[in-house]
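Heads up: the sequence shown begins at 365 in this note's numbering, then just goes up one per residue.
Glycine included, C-beta positions come from ideal geometry on N, C-alpha and C.
Below is one structure, written out as structure tokens; the observations come after it.
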Amino acid sequence: MQVDVAILGAGASGLCCAIGCGRRGRSVVLVDHGNKIARKVLAAGGGRANCTNIDIRPSDYVCGNPHFVKSALARLSPWEFLDWIHGGGVATQEEDNGKHFCVDGAIRLVRFLEAEAKQVGARFVTGATIREARKDGDGFVVETSAGPVRAASLVLALGGKSWPGIGATDFGYTLARRFGLAVTPLLPGLTPLLAGPDLAGLCRDLSGVSLPVTIRGAGEAAGSLLFTHKGVSGPAVLDASMFWREGPLAIDFLPGCDVEAGLAENPRLDVKNALARLLPKRLALALADMLALTGPVAGLSPKARRALADKLAAFPFTPARAEGYAKAEVTIGGVDTAAISSKTLEAASVPGLYVIGELLDVTGRLGGYNLHWAYASGFAAGEKA
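Below, the structure written as structure tokens:
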């Protein structure tokens, strides 16, 4: 097969790149080892696809070069993306913190992207193993189990290692390295955190308890925390996994609350019962027991009340480790952006080679940020490839 552009990976970034290339009259083929396209999109948001976020800013992304994402994001705002898919019949609903979910499920969005790609002439080769890709003269050759593909431009859109259960692999990084591109250290991101031995029992006993928190460490994350039988999860924890590497995190169990004033409202209550008016009961009782708090609130000295308030505002939690790629929603790290054009996503050292989406060292927060980067980087490459 001979085409202008071969795109390896038919996920969100690959589909948008194909649409962009096709609009310019380029012949395109998307090659994917899975039998279904856009498997991560289909799984995103519990099948509802948190497809974008109206509050996206470059600072919402972790990247070796914090300015790298600016160009692509500036050319596809969340509102432009929403206007486009709404016009194609994909209805969305805005929920908390600017998140937009697909009303009719992720499948509706995937069908729309597939139809848009086919409308501009893109072809699909699915269920095909990609064995090799190499430079060949002025173009590229991709060896697949469905036969060779020759192309003037090659786009790597193979995604990261997260969600291996739906087919994710590290092959994209392998190919990038074969082309001489550096890959930064890889870590699971947006993943639950496992408790260390000191708090494993507490987390197990509190499994199922959820509450709003703020988590601080090398960064700050706010949202819901969920205790699990192995540690902690929930939106705040997943965001915290983006900046945690080792050492303790500080969990504020009552963000914005004047704990001392709250306790003073119930001086005759036992401390544990007073805490239960501020926190989920199981957590309040567990903390009172852990901190050896007995007797009425009135029996606590001002110094003791201050110490309790400080403890609740910065409860030390040292994870044993992140849960790993099986539970991670994204991969932190990737192809080093120092070697990639922020405007076109083309590799400086290999003309005609483009790297987009999660395969790059660009990772967004929880809440639609990573899918939006996939679209934006795909369209940016599609303007040139």
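Sub-9 Å separation of residue i and residue j beta-carbons
| i | j | result |
| --- | --- | --- |
| V726 | Y425 | yes |
| C381 | I720 | yes |
| V519 | A745 | yes |
| D562 | T456 | no |
| G523 | S377 | yes |
| F488 | I449 | no |
| L589 | S574 | yes |
| L558 | D603 | no |
| A582 | W608 | yes |
| L676 | L651 | yes |
| G697 | L550 | yes |
| A486 | C385 | yes |
| Y733 | I530 | no |
| S517 | R390 | yes |
| D616 | R641 | no |
| A470 | L379 | no |
| G659 | N461 | no |
| L437 | P422 | yes |
| K525 | A402 | no |
| Y689 | P552 | yes |
| C415 | L672 | no |
| L372 | F743 | no |
DSSP state of residue i mapped onto helix, strand, coil
| i | result |
| --- | --- |
| R609 | coil |
| T538 | helix |
| G373 | coil |
| S588 | strand |
| S597 | strand |
| D562 | coil |
| P556 | coil |
| F432 | coil |
| V661 | helix |
| L752 | Because residue 752 is not part of the residues shown, which for the chain are 365 to 749, the question remains open. |
| P619 | coil |
| E710 | strand |
| D634 | strand |
| Y425 | strand |
| D569 | helix |
| L676 | helix |
| L643 | coil |
| Y718 | strand |
| N549 | Checking the sequence, you will find Pro at residue 549 rather than Asn. P549: coil per DSSP, three-state reduction. |
| F681 | strand |
| L735 | helix |
| I704 | strand |
| S441 | coil |
| G728 | strand |
Alpha-carbon to alpha-carbon, residue j and residue i
| i | j | result |
| --- | --- | --- |
| A532 | V694 | 10 Å |
| A374 | L618 | 43 Å |
| K594 | A564 | 7 Å |
| V433 | A492 | 31 Å |
| D653 | K636 | 8 Å |
| L633 | C621 | 19 Å |
| K499 | V714 | 8 Å |
| N417 | H464 | 6 Å |
| A600 | G511 | 46 Å |
| L717 | V395 | 15 Å |
| G626 | P680 | 22 Å |
| A515 | V484 | 17 Å |
| E687 | G560 | 12 Å |
| G685 | E610 | It is worth fixing the name first, because residue 685 is Arg in this sequence and not Gly. Roughly 8 Å separates the two Cα atoms. |
| F591 | T548 | 32 Å |
| E722 | G453 | 27 Å |
| G663 | K645 | 21 Å |
| A568 | D502 | Note that residue 568 corresponds to Arg in the displayed sequence, not to Ala. Taking the straight line from one Cα to the other gives about 59 Å. |
| P528 | W737 | 21 Å |
| E496 | D368 | 18 Å |
| K404 | A614 | 32 Å |
| E630 | V623 | One detail in the question is off: residue 630 reads as Asn in this sequence, not Glu. Cα to Cα, the separation comes out at about 12 Å. |
| D750 | S665 | Any answer about residue 750 is impossible in this case: the structure gives the chain only from 365 up to 749. |
| A628 | L639 | 11 Å |
| E584 | P430 | 17 Å |
| H765 | F535 | As displayed, the chain neither begins before 365 nor continues past 749, which places residue 765 out of reach and without an answer. |
| V474 | A521 | 16 Å |
| T490 | E458 | 33 Å |
| L643 | E444 | 41 Å |
| V392 | P576 | 47 Å |
| S597 | G451 | 36 Å |
9 Å Cβ cutoff, residue i in contact with chain B
| i | result |
| --- | --- |
| A382 | Absence of chain B from the displayed structure is noted, only one protein chain being present. |
Continuous alpha helix (DSSP H) assignments of at least 4 residues falling wholly in the region 444-513: 470-483
The region 495-508 contacting the region 409-424, beta-carbon criterion three pairs below 8 Å: no
Start-end ranges of the beta strand (DSSP E) lying completely within the region 380-404, minimum 3 residues: 392-396
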